[in-house]
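Undergrad: One structure follows; several queries about it will come next.
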Amino acid sequence: MSLKEYLSNLKKMDWLLFTPVLLLIIFGLATLYTTNLNVENPDWTAFNKQLLSAGLGLIGLFVIKFIDYRRLTNYSWLIYIVALILLAVVFLWGKTIRGTTGWFVLFGFNFQPVELAKFALVLTVAALYHKHRGREKSFSTVATLILITTAPVILTMLQPDLGSAAMLLTVGLAFFGLLSLKPKQIIYVTFMAIVTAIAVWNFVLVDYQKNRIMTFVDPMRDPLGRGYNVRQSMIAVGAGQALGRGLGLGTQSQLRFLPETATDFIFAAIAESLGLLGASVLLALIAWLFLRILMIIKKCRDNLSAYLVFGFGVIFFTQTVINIGMNLGLLPVMGLPLPFVSYGGSFLILSLAAIGVMESVSIRQRGV
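Pasting the structure below:
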């Protein structure tokens, strides 16, 4: 590709989609950098790895952007099978971190195959429903959806990584609810799920199992144990007040009272340093991204493109809501990163690959 052709393709970029993503990445990198300021013996490993991951992810985004999304889904099953194999092999050669065997160590970097599984699942389910258009409610379509969703969910639960397993299940349920159920059926399924949950709670679970579930849902029942992180997160968010304590000056994040400031609780670290103003800017960027995703879906001229953008949008939206919710003490801690902001090379690279697919969709809806 000549320089002239490359510059021409850059003009075709959906900048309304790419800009908030880039700004969110910068937001995350700045937070990782400042959490090491004014700290004795700072460790820049996370910042350096995230910076490299961002570079690799952006390269991947631009490569995928030039590939027709219809051609990409031709390889969806291959990518899906590779992801399943990696999810199985990780039990043999994977690295265990905080009780979860879910990472490969490659040249000093941790690779989490479940992130590839999320990417592959969206591609595969979108291709499935596109191929079976007009037969979305048929037994074969629904059975295939259940099979390809359940396989990675089970493998991920065995690691165990319940947060990622729930995320994979959410993708399958989102497509199932949108395309394979009528509104009345959604109400019926929801009602049956509630009745089943009540029956299991009252007649199946014993007291210690109920206590575990209650502590998971409400960590503040155990403020010095499971609820410690959430308690410190809420303190950090409140301490930021309107304008924040300043970059590198947060007590909870800088003095390490708040654990996992680079991953699970990066929103709390931002709120403490930059206050309500900084958190509002972050939320505005996130809202910008989701509004653009909705606009792309609305403009899609074919089902396949809409399914792809919808699937990746579900992942980004759900993880954002869960991450911010657990930072505010509104949702249980599930170990899900904040898209484009939290530290995590695998998630960042695969998320940028998903944005690349959205870019491919967006520019081709304009007749490019």
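Going by the working numbering, the first residue of the sequence shown is number 1284, and it counts up by one from there. Even for Gly, the Cβ is constructed at its ideal location relative to N, Cα and C.
(1) Is the Cβ-Cβ distance between Ala1400 and Tyr1363 less than 9 Å?
(2) Should Gly1533 go down as buried or exposed, given a rule of 16 or more other Cβ atoms within 10 Å for buried?
(3) Are the CB atoms of Val1365 and Ala1403 within a distance shorter than 9 Å?
(4) Could you tell me which residues DSSP pairs with Val1388 in its beta bridges?
(5) Taking 8 Å as the limit between beta carbons, can you name the residues of its chain near Arg1647, skipping five residues before and five after?
(6) So, at 6 Å on beta carbons, what are the nonlocal neighbours of Pro1542 in its own chain, with the 5 sequence-adjacent residues on each side left out?
(7) Note down the Cα distance separating Phe1599 from Gly1608, rounded to an integer number of angstroms.
(8) Along the alpha helix (DSSP H) that carries Lys1244, what are the first and last residues, could you check?
(9) Near Thr1384, which residues of its chain fall below 8 Å by C-beta distance, leaving aside the five closest residues on each side in sequence?
(10) I'd like to check one pair, Val1454 with Val1405: are the Cβ atoms closer than 9 Å?
(11) Starting from Thr1379, follow the alpha helix (DSSP H) in both directions and report where the run begins and ends.
(12) Rounded to the nearest angstrom, what separates Phe1540 and Arg1649 at their Cα positions?
(13) Starting from Thr1317, trace the alpha helix (DSSP H) both ways and give me its first and last residue.
(14) With DSSP run on the structure shown, which of helix, strand or coil describes Thr1383?
(15) For Leu1306, collect the residues of the same chain with a Cβ closer than 6 Å to its Cβ; drop the 5 residues on either side in sequence, then sort them by chain order.
(16) Hey, how far is the Cα of Ala1636 from the Cα of Phe1349?
(17) Rounded to a whole number of angstroms, what is the C-alpha to C-alpha distance between Leu1312 and Val1640?
(18) Identify whether Asn1324 lies in helix, strand or coil by the three-state DSSP scheme.
(19) Can you give the Cα-Cα distance for Gly1531 and Phe1474, rounded to whole angstroms?
(20) Quick one: grab the DSSP three-state call for Met1641.
(21) Are the CB atoms of Phe1550 and Val1604 within a distance shorter than 9 Å?
(22) Since I believe Ile1579 is in contact with Ile1645 (beta carbons under 8 Å), could you give me their beta-carbon distance rounded to a whole number of angstroms?
(23) Using CA atoms only, rank isn't needed, just tell me which of Ser1629, Ser1634, Ile1638, Ser1643 is closest to Pro1396.
(24) Identify, in the order they occur along the chain, each residue of the same chain with its Cβ nearer than 6 Å to the Cβ of Thr1432, setting aside the five sequence neighbours on each side.
(25) Please classify Lys1277: does DSSP put it in a helix, a strand, or coil?
(26) Which residue's Cα is closest to the Cα of Ser1563: Gly1523, Ser1516, Phe1595, Leu1389?
(27) Restricting to runs no shorter than 4 residues, where is the alpha helix (DSSP H) found entirely within the segment 1511-1578?
(28) Can you list, in chain order, the residues of its chain with a C-beta nearer than 7 Å to that of Gly1529? Leave out the 5 residues immediately preceding and following it.
(29) Starting from Leu1438, trace the alpha helix (DSSP H) both ways and give me its first and last residue.
(30) Please classify Phe1486: is it buried, with 16 or more other beta-carbons within 10 angstroms of its beta-carbon, or exposed?
(31) Using 10 angstroms around the beta-carbon of Val1314, count the other beta-carbons present and answer buried if the total reaches 16, otherwise exposed.
(32) With burial defined as no fewer than 16 other Cβ atoms inside 10 Å of the residue's Cβ, what is the status of Thr1479: buried or exposed?
(33) So, helix, strand or coil for Leu1367, using DSSP?
(34) Rounded to whole angstroms, what is the Cα-Cα separation between Ala1570 and Val1489?
(35) Starting from Gly1455, trace the alpha helix (DSSP H) in both directions and tell me its first and last residue.
(36) For the alpha helix (DSSP H) containing Arg1354, list its first residue and its last residue.
TA: Let me spell this out:
(1) Taking the sequence shown and counting its residues from 1, the one referred to as residue 1400 is at position 117. Taking the sequence shown and counting its residues from 1, the one referred to as residue 1363 is at position 80. In contact: Ala1400 and Tyr1363 (Cβ atoms closer than 9 Å).
(2) Locating residue 1533 in the sequence shown gives position 250, where the first residue counts as 1. By the neighbour-count rule (16 or more Cβ atoms within 10 Å), Gly1533 is buried.
(3) Residue numbering aside, residue 1403 sits at position 120 when the sequence shown is read from its first letter. Residue numbering aside, residue 1365 sits at position 82 when the sequence shown is read from its first letter. Less than 9 Å divides the Cβ of Ala1403 from the Cβ of Val1365.
(4) Indexing the sequence shown from 1 puts residue 1388 at position 105. Assignment of beta-bridge partners to Val1388 by DSSP yields Asn1393.
(5) Within the sequence shown, residue 1647 is the residue found at index 364, counting from 1. Apart from sequence neighbours up to five positions away, the residues of its chain that approach Arg1647 with a beta-carbon distance below 8 Å are Asp1351, Tyr1352, Ser1588, ordered along the chain.
(6) Locating residue 1542 in the sequence shown gives position 259, where the first residue counts as 1. For Pro1542, same chain residues with a beta-carbon under 6 Å away, outside a window of 5 residues either side, are Asn1512 in chain order.
(7) For the purposes of this step, residue 1599 is taken as the residue at position 316 of the sequence shown. For the purposes of this step, residue 1608 is taken as the residue at position 325 of the sequence shown. Each residue's CA atom was taken as its position, placing Phe1599 and Gly1608 some 14 Å apart.
(8) An answer regarding residue 1244 cannot be provided, because it is not within the stretch 1284 to 1651 covered by the chain.
(9) Walking along the sequence shown from the start, residue 1384 turns up at place 101. Only Val1373, Phe1374, Gly1377, Lys1378, Gln1442 meet the Cβ criterion.
(10) Here residue 1405 is taken as the residue at index 122 of the sequence shown, counted from 1. Here residue 1454 is taken as the residue at index 171 of the sequence shown, counted from 1. Taking a C-beta distance under 9 Å as the contact criterion, Val1405 and Val1454 qualify as a contact pair.
(11) Reading the sequence shown from its first residue, position 96 is the one you call residue 1379. Per DSSP, Thr1379 lies in no alpha helix (DSSP H); the unbroken beta strand (DSSP E) holding it starts and ends at 1378-1380.
(12) On the sequence shown, position 257 is the one that residue 1540 refers to. On the sequence shown, position 366 is the one that residue 1649 refers to. Using only the alpha carbons, I get a separation of about 50 Å.
(13) As a first step, residue 1317 must be located in the sequence shown, where it is residue number 34. Looking at the DSSP string, the run of the alpha helix (DSSP H) that includes Thr1317 is 1298-1317.
(14) Locating residue 1383 in the sequence shown gives position 100, counting from the first residue. In this structure, Thr1383 counts as strand in the three-state DSSP scheme.
(15) Start at 1 with the first residue of the sequence shown, and residue 1306 comes out as number 23. Here the set comprises Leu1568.
(16) Working through the sequence shown from its first residue, we reach residue 1636 at position 353. Working through the sequence shown from its first residue, we reach residue 1349 at position 66. Between Ala1636 and Phe1349, the C-alpha separation is close to 12 Å.
(17) Walking along the sequence shown from the start, residue 1312 turns up at place 29. Walking along the sequence shown from the start, residue 1640 turns up at place 357. When only Cα atoms are considered, Leu1312 and Val1640 end up about 23 Å apart.
(18) Locating residue 1324 in the sequence shown gives position 41, where the first residue counts as 1. In the three-state DSSP reduction, Asn1324 falls in the coil class, being neither helix nor strand.
(19) The residue given as residue 1531 occupies position 248 in the sequence shown. The residue given as residue 1474 occupies position 191 in the sequence shown. Their Cα atoms are separated by approximately 49 Å.
(20) One-based indexing of the sequence shown puts residue 1641 at position 358. Reduced to three states, the DSSP call for Met1641 is helix.
(21) Counting from one through the sequence shown, the residue named residue 1604 turns up at place 321. Counting from one through the sequence shown, the residue named residue 1550 turns up at place 267. Not a contact, by the Cβ cut-off of 9 Å.
(22) Taking the sequence shown and counting its residues from 1, one reaches residue 1645 at position 362. Taking the sequence shown and counting its residues from 1, one reaches residue 1579 at position 296. One detail in the question is off: residue 1645 reads as Ser in this sequence, not Ile. Indeed they touch by this definition, with Cβ atoms about 5 Å apart.
(23) Locating residue 1396 in the sequence shown gives position 113, where the first residue counts as 1. Of the listed residues, the one whose Cα sits closest to Pro1396 is Ser1629.
(24) Position 149 of the sequence shown, counted from the first residue, corresponds to residue 1432. Contacts found: Gly1455.
(25) Residue 1277 lies beyond the range of the chain shown here (1284 to 1651); nothing can be said about it.
(26) Numbered from 1 along the sequence shown, position 280 holds the residue referred to as residue 1563. When each option's Cα is compared against that of Ser1563, the closest is Gly1523.
(27) Assignment of alpha helix (DSSP H) within the segment 1511-1578, counting only whole runs of 4 or more residues, yields 1511-1523, 1534-1537 in chain order.
(28) Taking the sequence shown and counting its residues from 1, the one referred to as residue 1529 is at position 246. Ser1556, listed in sequence order.
(29) The sequence position of residue 1438 within the sequence shown is 155, counting from 1. For Leu1438, the enclosing alpha helix (DSSP H) starts and ends at 1422-1440.
(30) Position 203 of the sequence shown, counted from the first residue, corresponds to residue 1486. So Phe1486 counts as exposed.
(31) Within the sequence shown, residue 1314 is the residue found at index 31, counting from 1. The amino acid at residue 1314 is misidentified as Val; the sequence shows Thr. It is buried - the Cβ of Thr1314 has at least 16 other Cβ atoms within 10 Å.
(32) The count along the sequence shown starts at 1 and reaches residue 1479 at position 196. Here Thr1479 is exposed: its Cβ has fewer than 16 other Cβ atoms, across all protein chains shown, within 10 Å.
(33) Start at 1 with the first residue of the sequence shown, and residue 1367 comes out as number 84. Helix at Leu1367.
(34) Locating residue 1570 in the sequence shown gives position 287, where the first residue counts as 1. Locating residue 1489 in the sequence shown gives position 206, where the first residue counts as 1. Straight-line Cα distance between these residues: approximately 42 Å.
(35) In the sequence shown, counting from the first residue as 1, residue 1455 sits at position 172. For Gly1455, the uninterrupted alpha helix (DSSP H) run begins and ends at 1445-1458, by DSSP.
(36) Here residue 1354 is taken as the residue at index 71 of the sequence shown, counted from 1. Segment 1352-1355, the alpha helix (DSSP H) holding Arg1354.
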